[in-house]
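Chemist: If you read the protein sequences in the order shown, they are chains A and B. Heads up, the first sequence stops at 358 in our numbering, and the numbers go up one at a time, no gaps. Heads up, the second sequence stops at 358 in our numbering, and the numbers go up one at a time, no gaps. Heads up, the beta-carbon is just placed ideally off N, CA and C, and yes, glycines get one too.
There are 2 protein chains.
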Amino acid sequence: MGSKKRDSSRVTLSDVARLAKVSAITVSRCIRNPERVSEDTRVRILRAIDDLGYVPDMAASALASKRSNVVGLVIPSLTNSVFTDVLKGVYDAIEETRLTVQIGNSRYSPSKEENLIRTFLQQRPAGLIVAGVNHTEAGRKMLEASSCPVVQIMDVTDKPVDRLVGFSHFEGAKAAVRHLHDMGYRRPGILTARMDPRSRVRLAGFTEEAQQLGIFEPARVVSTPLHSSVGLGAQLFSDLLAQAPDTDSLFCNNDDLATGALFEAARRNIRVPEALGVCGYNDLDISAEVNPSLTTIATPRYEVGLQSVQMINAALDPEGEAAPPPVILGTKLVPRQSTRRRPMPSVGIHSGETT
Amino acid sequence: MGSKKRDSSRVTLSDVARLAKVSAITVSRCIRNPERVSEDTRVRILRAIDDLGYVPDMAASALASKRSNVVGLVIPSLTNSVFTDVLKGVYDAIEETRLTVQIGNSRYSPSKEENLIRTFLQQRPAGLIVAGVNHTEAGRKMLEASSCPVVQIMDVTDKPVDRLVGFSHFEGAKAAVRHLHDMGYRRPGILTARMDPRSRVRLAGFTEEAQQLGIFEPARVVSTPLHSSVGLGAQLFSDLLAQAPDTDSLFCNNDDLATGALFEAARRNIRVPEALGVCGYNDLDISAEVNPSLTTIATPRYEVGLQSVQMINAALDPEGEAAPPPVILGTKLVPRQSTRRRPMPSVGIHSGETT
DNA sequence: CTGTTAGCGCATTCAC
DNA sequence: GTGAATGCGCTAACAG
């Protein structure tokens, strides 16, 4: 097999201790709380560590302290770029710390999520970051009973388990509908797939706002439990056209669907934004590049990743206070060429300039 | 802080042992090598485990055995979908095992990669999966000296460190050029960015094949160290057109660049595939959806992820043999509408029907 | 096939 | 500010 070397006696705390002429426990302290050790022993110890190339053994540390340095991260997908952006934020932030990430992929399944939560919790993690605020009952109970900090991300709720950093999908969807209306569109449809909790909330936001504006029409709602993709966006748009041909605009639950709809519109020679306004959700990289460029709701995914780790860190800090209030980040409408720059004069209502 | 509960005396091996009326070590064995324990003690032990809800303590296990169950995975990006596909394969495969993944993001930096290799190796990982075959000298030495199985992925080489599962970028690029030639294009350019080792190899493949076909033209090579993106593809295509306006086809180092080039061609009313053939690399989801759909070289990224874990597993198996030969997976040209279906009759410009 | 003994490397608790 | 003793939960190496 692959083994090539036997374990060359590892450098341990006591090796360092001997060289620095102190006891092992002092070295241990010096590493974890440098300020609790006198100036010059600290210097000696650090030198010894450096000379010997000492590296702490995490397993031993975890065993003795009953606390690992592992942060569990539970997300529903490893390929959806919404979550890979979160991932990047998490990793960028975690590198500054002595923590380590372990990912669990729930595949959008609440029961898989529950299992992951259980598995992680059994490992005495330093903290847990979980996407969403909807869990199985058992899952939520475990999170609440957990002895480590828990951060829910990517959504908002009145009753977070512990800490939370997310944004409102409801408000984002409403802003999208409002924008379509401001631009003069009066017959908006919605394309939505993979009906996970956050998609549902966006649909609810669409519905509420459209109703308030008096432009809601059930026949213009197209949804499917299938996973989102560009190809599916094209398909759903075709479906919508079949059942409500006079639709004049689209809120798509995400930019993949929107991109697909845009492509399908091009194939059908439907002019965007003149004959059809399109607004997506998330602001992926490609959204600025398609023809015409895609109006969308930008979501702070990377930022959520960063802040979730900072919250874990803050919670772990012995000076740490009680759990801070939830952090609700903003979403932002990014107007682009897939919606008009000005409302139509005819059915026209008023302004909506965004300089 | 976030703590809510004190550690409620954990269920340990000896608890299970007591209930099953055996010794702790037998329980330990039963968990790791069920077949080395007699039928009925095994049954008793498994029942006891179940009754008590016993969960092994990985930290203790790692400490005692000097071997963790962590597989280190070093990749250059967390957002590039080429690597998130690998990631998915790795996670799908690892779930079948008792192993666990830890990701290191090298950000395409060899020195960061070296640091990650060092850090991982210090944790006595069960195995290491590393993207690419190009490392710093120190990095390679560490890998060679490592006592755990190492799998290099996503590329090929004569001298793998240990195990390898990848595919040839050189051959993939050559196939692309050949296809463009077969379809009647005679003035191919190449767009390439983020000159990592694999991109360079693809460029070399392009160059060699084009030279052999007698259609190589240095002025049609456009490259930049910037990271690939759809927007950059548009930019590079514009640059190429400025320096070699008669270019009749494009091999793009990846599908992001190709997509950008396709978008830019649309903006300039350059007809694809009639006036311009385009071939990308990787076969991302979107490539089948753009207009016209993108001819590309499909790469087995998910499969590489899966197999890399299987290799680690095989190496860990005590029955395991010596390191198997490298596994070279195939890439596949996927002809789509961005190249003609038939070669041009002469040098003439027309046809390109796609039924 | 099963048990005994020993100790992995570190952190907790309490002395000093 | 520093140290000694003790054990975290498990597995290696033997013995039977």
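1. So B:THR139 and B:SER171 are supposed to be a Cβ contact under 8 Å. How far apart are they, rounded?
2. Do you know offhand how far A:ARG190's Cα is from A:VAL104's?
3. Output needed for A:GLY234: all residues of its chain with C-beta closer than 7 Å, excluding positions within five of it in sequence on either side, in chain order.
4. B:ALA301 bridges to which residues according to DSSP?
5. What did DSSP end up calling B:ALA134 once you bin it into helix, strand or coil?
6. Since B:MET61 meets chain A, which of its residues come closer than 7 Å, beta carbon to beta carbon?
7. Can you tell me whether DSSP reads B:SER202 as helix, strand or coil?
8. Taking only three categories from DSSP, how would you classify B:SER17?
9. If you scan the segment 147 to 216 of chain A from start to end, which runs of the beta strand (DSSP E) of 3 or more residues do you find wholly inside it?
10. Which residues in the same chain have their Cβ closer than 6 Å to the Cβ of B:ALA326, if we skip the five residues on either side of it in sequence?
11. Which bits of chain A does B:VAL281 rub up against, with CB to CB less than 8 Å?
12. What three-state label does DSSP hand A:GLY351 in the structure shown?
13. Under the DSSP definition of a beta bridge, which residues are partnered with B:SER226?
14. Using a Cβ cut-off of 9 Å, pull out every chain A residue sitting near B:GLY142, in sequence order please.
15. Output, in sequence order along the chain, the residues in the segment 288 to 310 of chain B whose CB is closer than 9 Å to any CB in chain A.
16. Would you mind telling me which residues of chain A sit closer than 9 Å to B:ALA237, beta carbon to beta carbon, in chain order?
17. Just to confirm before moving on: does the CB-CB distance between A:LEU287 and A:GLY92 stay below 8 Å?
18. Show which residues of chain B have a CB atom less than 8 Å away from the CB atom of A:PHE266.
19. Starting from A:THR103, trace the beta strand (DSSP E) both ways and give me its first and last residue.
20. Using 8 Å for Cβ pairs, my map puts B:GLY130 next to B:VAL154. What's the rounded Cβ distance?
21. In the DSSP output, what is B:ILE78 paired with across the bridge?
22. Under 8 Å Cβ-Cβ, which residues of chain B neighbour A:TYR94?
23. Does the segment 252 to 269 of chain A come close enough to the segment 189 to 203 of chain A to have 3 or more Cβ pairs within less than 8 Å?
24. Beta-carbon within less than 6 Å of A:THR195's beta-carbon, same chain only, minus the 5 sequence neighbours each way: which residues are those?
25. Please compile the residues from chain A whose C-beta is within a distance smaller than 8 Å of the C-beta of B:SER31.
26. For A:VAL307, which three-state DSSP category applies?
27. Quick check on this structure: which residue in B:MET145, B:ARG223, B:PRO338, B:ILE106 has the alpha carbon closest to the alpha carbon of B:GLU117?
28. For A:THR250 and A:ARG223, what's the separation of their Cα atoms in angstroms?
29. Of the choices B:ARG70, B:TYR111, B:ARG35, whose alpha-carbon is the least far from that of B:LEU229?
30. Taking B:MET135 as the query, report the chain A residues whose CB atoms sit under 9 Å from its CB, ordered along the chain.
31. So, does the segment 120 to 135 of chain A touch the segment 303 to 322 of chain A, judging by three or more C-beta pairs under 8 Å?
32. Check the C-beta distance from B:ALA62 over to A:LEU66 and give it rounded, since I have them as a contact under 8 Å.
33. Using a Cβ-Cβ distance under 8 Å, would A:SER71 count as near chain B?
34. So the candidates are A:PRO295, A:ALA179, A:ILE34, A:LEU332; which of them puts its Cα closest to the Cα of A:ALA268?
35. Taking the Cβ atom as the reference point for each residue, do A:THR342 and A:ILE300 lie within a distance shorter than 8 Å?
36. Give the C-beta separation of A:LEU22 and A:LEU49 to the nearest angstrom, bearing in mind that I take them to be a contact with Cβ-Cβ under 8 Å.
Modeler: On the basis of the coordinates in this document:
1. Between B:SER171 and B:THR139 the Cβ distance is about 23 Å, and since that is not below 8 Å, they are no contact.
2. 46 Å
3. GLY263
4. B:ASN285, B:LYS335
5. strand
6. GLN126
7. helix
8. helix
9. 153 to 156, 166 to 170, 191 to 195
10. ASP165, ARG166
11. Ordered by position in chain A, no residue passes the 8 Å Cβ test against B:VAL281, which lies about 15 Å from the chain.
12. With a pLDDT of 38 at A:GLY351, under the threshold of 50, the predicted position of this residue should be treated as unreliable, though the coordinate-derived value follows. Coil.
13. B:THR195
14. Ordered by position in chain A, no residue passes the 9 Å Cβ test against B:GLY142, which lies about 16 Å from the chain.
15. ASP288, ILE289, ALA291, GLU292, VAL293, ASN294
16. GLU292
17. no
18. GLU292, VAL293, ASN294
19. 103 to 108
20. 7 Å
21. B:ASN108
22. LEU81, ILE106, ASN108
23. yes
24. SER202, LEU206, SER226, ASN256
25. What B:SER31 touches in chain A: nothing, since even the nearest Cβ is about 15 Å away.
26. helix
27. B:MET145
28. 7 Å
29. B:TYR111
30. Strictly speaking, residue 135 of chain B in this sequence is Gly, with Met absent from that position. Near B:GLY135 there are no residues of chain A at all, since even the closest Cβ is about 19 Å away, more than 9 Å.
31. yes
32. 4 Å
33. yes
34. A:PRO295
35. no
36. In fact, because the Cβ distance is near 11 Å, the residues do not count as touching under 8 Å.
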